[in-house]
Every structure is written in structure tokens, then in C-alpha cells.
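Just below is one structure, and these are the notes that go with it.
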Amino acid sequence: NAGVTQTPKFRVLKTGQSMTLLCAQDMNHEYMYWYRQDPGMGLRLIHYSVGEGTTAKGEVPDGYNVSRLKKQNFLLGLESAAPSQTSVYFCASIRRWGGYKETQYFGPGTRLLVL
Amino acid sequence: TQLLEQSPQFLSIQEGENLTVYCNSSSVFSSLQWYRQEPGEGPVLLVTVVTGGEVKKLKRLTFQFGDARKDSSLHITAAQPGDTGLYLCAGAHNAGNNRKLIWGLGTSLAVNP
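Chains as they are written, first to last, in my numbering: chain A, 1 to 115; chain B, 1 to 113.
See below:
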């Protein structure tokens with residue numbers, strides 16, 4: 001049981017390059033989230049998914065796209081990277097219980113540097 | 001972006017000391033969670049509090065939800081180096097089928113041996 005895994009762990013991009021971050025969970029959760037974490041800004045929700053084939057915009061979606069073709073995978077894409085997207089990206093897989101209660105299981109993060 | 005205010009922002013103490021960190025907002029939350037994040041890792045859930053005035057204990061950690069469900073505190077007794085990390089609080093607003101989570105910036109705790 002690996003929980004939540006993220007690949008890659010670290011990446012350096014040049015401005016304008018594209019890349020895809022992969023999040024995988026083996027807990028059969030319907031909900032999955034992508035966050036970015038920046039100093040002084042805290043965790044901010046980029047996009048989220050409430051089930052296979054569904055995605056929705058979070059708080060800071062601009063410059064990112066997502067896909068949830070399989071329940072266990074949630075992909076975050078950067079089509080044309082910008083220095084402002086330098087950040088640590090976390091994926092979370094969500095267990096919902098007791099009505100609206102949630103437990104978020106976070107991956108180890110992807111550290112992205114855009115030059 | 002609405003944030004929960006966490007204080008202090010940084011805290012460095014000696015092993016064996018007690019400490020309290022705070023999470024405050026002007027908003028009422030349906031529930032509030034505390035997470036701990038170690039360097040290079042993602043946050044890990046410590047506790048969820050739901051009822052105003054609720055107190056939960058997790059070994060040496062005591063969590064309290066304010067009576068009005070706008071604030072929370074985390075008290076650590078006899079801190080140990082293993083308690084070092086970033087403590088994040090997150091408050092939830094539930095409206096119908098929608099749920100919004102508001103994150104604090106965290107309290108960075110260093111416990112020195």
C-alpha cells in the first residue's frame with residue numbers, strides 16, 4: 001500500500017517548456033486535489049477532481065490543466081512554464097466520511113524550478 | 001484569499017518545554033483540522049475537531065476548538081525533537097454539496113535536544 005505517490009520529485013524547466021506531474025493513489029478515493037505551496041502564501045488549491053473523468057478549477061487554476069482519465073491517477077500539466085510557477089506541488093487523495101468530513105492524504109511533493 | 005491566522009509563525013524551544021500555538025479566524029467553520037508537515041514531505045493529518053469547545057488529545061498533543069468554532073489551539077506537553085515540523089491548521093466551510101478548505105500559513109516549530 002503506497003498511499004499517494006508523485007512523480008517526478010524534482011524538476012528544472014526553462015520558461016516556455018511544458019511538463020506533466022503525475023499523482024497516483026491506491027486507496028480507491030474519488031476525490032483528488034492538486035495544491036501548490038509557496039512561502040508566505042500557504043497551500044493553494046489549483047484544480048480538483050470529484051471522480052474519474054471529472055475536473056474542476058480551484059483557487060489558482062490559470063496556467064495549469066488537469067486530467068483524471070483513471071480513478072487512481074490525477075495529472076497536472078503546465079503547457080508553457082513561467083517563473084511564477086516555481087513552487088512545491090502537492091497532490092492529495094481524499095477520504096470522505098461522516099457526511100462532509102475529510103481526511104486528506106498528501107503525496108511527498110514535486111519541487112519545480114522554472115528558470 | 002482568506003487565510004487562517006496562525007501564531008506564532010516561528011517557535012524554537014528546548015526539549016521538555018511546553019508550548020501552545022494558535023489558529024484564529026473571523027469566520028465560523030464546520031470543522032477544523034490540524035496537520036504536521038516535516039521538511040521534504042507532505043502534510044499529515046493529526047486531528048479533526050467538529051464541535052464548539054471540543055478537546056481532543058493525541059498523546060502529548062491537546063487540541064481545542066473554540067466555543068464559537070472560529071479558532072483553535074494546539075498545546076504540546078514536554079516537547080521532543082520528533083515534534084519538529086510545520087503545524088498547519090485548515091478550516092472547512094460546508095455549503096450544500098460544496099466544501100471549501102481554508103489553510104493557515106503554519107507555525108514552524110523547532111525542538112532542540
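Glycine included, C-beta positions come from ideal geometry on N, C-alpha and C.
Under the 8 Å criterion on CB atoms, B:N24 is classed as non-interfacial with respect to chain A.
With respect to the C-alpha of A:L45, the residue from A:T55, A:W34, A:T54, A:G51 having the closest C-alpha is A:W34. DSSP, read as helix, strand or coil, puts A:Q85 in helix. In the DSSP annotation of this structure, the continuous segment of the beta strand (DSSP E) that includes A:F74 starts and ends at 73-78. Against chain A, the CB of B:S7 has no partner CB under 8 Å away; the residue lies outside that interface. Residue environment: A:W97 is assigned as exposed (fewer than 16 neighbouring CB atoms within 10 Å of its CB, all protein chains considered). Within the same chain, T48, V49, V50, A92 come within 7 Å of B:S31 by CB-CB distance, once the 5 residues on both sides are set aside. Using a Cβ distance threshold of 8 Å, A:M41 and A:I94 do not count as a contacting pair. B:G82 sits in a helix when the DSSP states are folded into three classes. Assigned with DSSP and collapsed to three states, B:Q9 falls in coil, not helix or strand. Under the three-state reduction of DSSP, A:V66 is assigned to strand.
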